[in-house]
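*Asks:* Position 80, counted from 1, in the sequence shown is what this note's numbering calls 174; the numbers after and before it change by one each time, with no gaps. Structure incoming, see below.
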Amino acid sequence: MAIREVVLLGDPMLRRKAKKVKKFNQELRQLADDMLETMRNSYGIGLAGPQIGILERIFVAEVPDDVDDPNKGKHFVIVNPRIIKRSKEMEEGQEGCLSIPSHGGMVNRPKEIEMMAMNVYGKKIRMKKVGNLLARIFQHEYDHLNGVLFIDHIDDLQDVNKFWKIVEEDEEENNEQMTMNELQ
């Protein structure tokens, strides 16, 4: 496994549409392993091919079981995905992106999706009623495959900065509380 370099905002690669994966071989499985390692090394919960300069329709995701250890959880490798159904019910949630470090914002997305895809061996998979955080991650990564970034879903880009100001204030408050507890 190898850690790949993450492509950052401004690189035209992030705005290009990825091509369908046609070869299901050891090279693809190695790419998937590299993507998982890169995602974990960057403390992410999702990573798409274009984010590491690979214009193929593949993404990885991992939903942590343990907040203290983000590498403990169920991981997914999704190849040639198609979202075939989106719920009408929408949900706003916080999003960030490894390609846009230190920025994030509130994004409104369908609460639940249904997806057709393949695994790294070329076997078709159908994922029904994907909801909650996993639905958000899948939609975010699926967008990357189509050259769309989460900031494209934000009406007021000032909201991106407001989001991180709140996060930083929360972190400062938590650090102050930890320091007070240590003094006692």
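Idealized CB from N, CA, C, for every residue including glycine.
How long is the line joining the alpha carbons of Glu189 and Val214, rounded to whole angstroms?
*Replies:* CA-to-CA, the gap between Glu189 and Val214 works out to about 27 angstroms.
*Asks:* Return the CA-CA distance between Lys205 and Phe232, expressed in angstroms with no decimal places.
*Replies:* Roughly 11 angstroms between the two C-alpha positions.
*Asks:* Residues in its own chain within less than 6 angstroms of Met221 by CB, not counting five upstream and five downstream?
*Replies:* Met209.
*Asks:* To which residues of the same chain is Glu186 closer than 6 angstroms at the C-beta, ignoring the five residues directly before and after it?
*Replies:* Met200 and Asn202
*Asks:* Take Lys223 and list the residues in its own chain whose beta-carbon comes closer than 8 angstroms to its own, dropping the five residues that flank it on each side.
*Replies:* Glu206 and Glu208
*Asks:* Would Gln145 and Ser193 qualify as a contact pair, given that the criterion is a beta-carbon distance under 8 angstroms?
*Replies:* In this structure, the beta-carbon distance from Gln145 to Ser193 falls below 8 angstroms.
*Asks:* Would Glu131 pass as a contact of Met107 if the rule is Cβ separation under 8 angstroms?
*Replies:* Not in contact: Glu131 and Met107 (Cβ atoms no closer than 8 angstroms).
*Asks:* Can you give me the Cβ contacts of Asn240 inside the same chain, cut-off strictly under 7 angstroms, excluding the 5 residues immediately before and after it?
*Replies:* The answer, listed in chain order, is Lys111.
*Asks:* In its own chain, which residues sit with a C-beta less than 6 angstroms from the C-beta of Val171, not counting the 5 before and 5 after it?
*Replies:* Closer than 6 angstroms at Cβ, skipping near neighbours: Ala126, Val154 and Val214.
*Asks:* Less than 7 angstroms between C-beta atoms, sequence neighbours within five positions excluded: which residues of the same chain meet that for Gly216?
*Replies:* Phe118
*Asks:* Does the beta-carbon distance from Glu173 to Ile152 come in below 8 angstroms?
*Replies:* In the sequence on display, residue 173 carries Val and not Glu. In this structure, Ile152 lies closer than 8 angstroms to Val173 by Cβ.
*Asks:* How big is the Cα-Cα spacing for Gly167 and Val157?
*Replies:* 6 angstroms
*Asks:* Smallest Cα separation from Gly225: which of Glu183, Ala211 and Leu122?
*Replies:* Glu183
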